[in-house]
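Enquirer:
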Amino acid sequence: MRRRHALLLGSAVLLVVAVVWPNRAHLAAFPDIIGAYSAKEYCSCRYVSGNPADYCQVYIRQYIPIDLLHDEPASRTVTARGLGRTHSAAWLGPREGCRLLGETSSAP
182 MRRRHALLLG
192 SAVLLVVAVV
202 WPNRAHLAAF
212 PDIIGAYSAK
222 EYCSCRYVSG
232 NPADYCQVYI
242 RQYIPIDLLH
252 DEPASRTVTA
262 RGLGRTHSAA
272 WLGPREGCRL
282 LGETSSAP
């Protein structure tokens with residue numbers, strides 16, 4: 182019985198390695214996506230579409246929660262942190278919309 186469990190465990194580990202290893206570059210980029218997506222979509226929802234803050238917070242909700250969402254209405258800048266990465270987006274104007282500013286070292 183123990184041999185069967187060891188064989189199943191070994192097979193499962195081998196399967197995980199076979200799936201993860203070819204996709205390691207994509208998996209490494211994933212933490213950046215959460216914060217960047219949240220900042221950009223919230224900025225667009227709030228300042229391009231003109232929706233209220235409560236609506237936009239629900240609009241950007243994902244399965245993986247973000248740690249921080251900071252909206253600065255005076256400068257129309259949004260900062261979001263998720264999975265340890267912080268990104269900001271800013272509204273540039275009515276014809277340009279919101280643009281992702283990139284990763285920042287410290288969040289407000």
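The sequence shown lines up with residues 182 to 289 when you count with my numbering.
Ideal Cβ positions, reconstructed from N, Cα and C, are used throughout, including at glycine.
This structure is a prediction, so every number in the text was calculated from the model and none was measured.
Let me confirm a value: residue 227 is counted as buried when at least 16 other C-beta atoms fall within 10 Å, else exposed. Which label applies?
Expert: buried
Enquirer: Does the separation of the CB atoms of residue 219 and residue 247 fall below 7 Å?
Expert: In this structure, residue 247 lies closer than 7 Å to residue 219 by Cβ.
Enquirer: CB-CB under 8 Å to residue 245, same chain, minus the five flanking residues each way: which ones, in chain order?
Expert: 215, 263, 264
Enquirer: Mind checking whether residue 261 and residue 250 have CB atoms under 7 Å apart?
Expert: yes
Enquirer: On the DSSP letters alone, give me the boundaries of the beta strand (DSSP E) that residue 194 sits inside.
Expert: Run containing residue 194: none in the beta strand (DSSP E); it sits in the alpha helix (DSSP H), 183-201.
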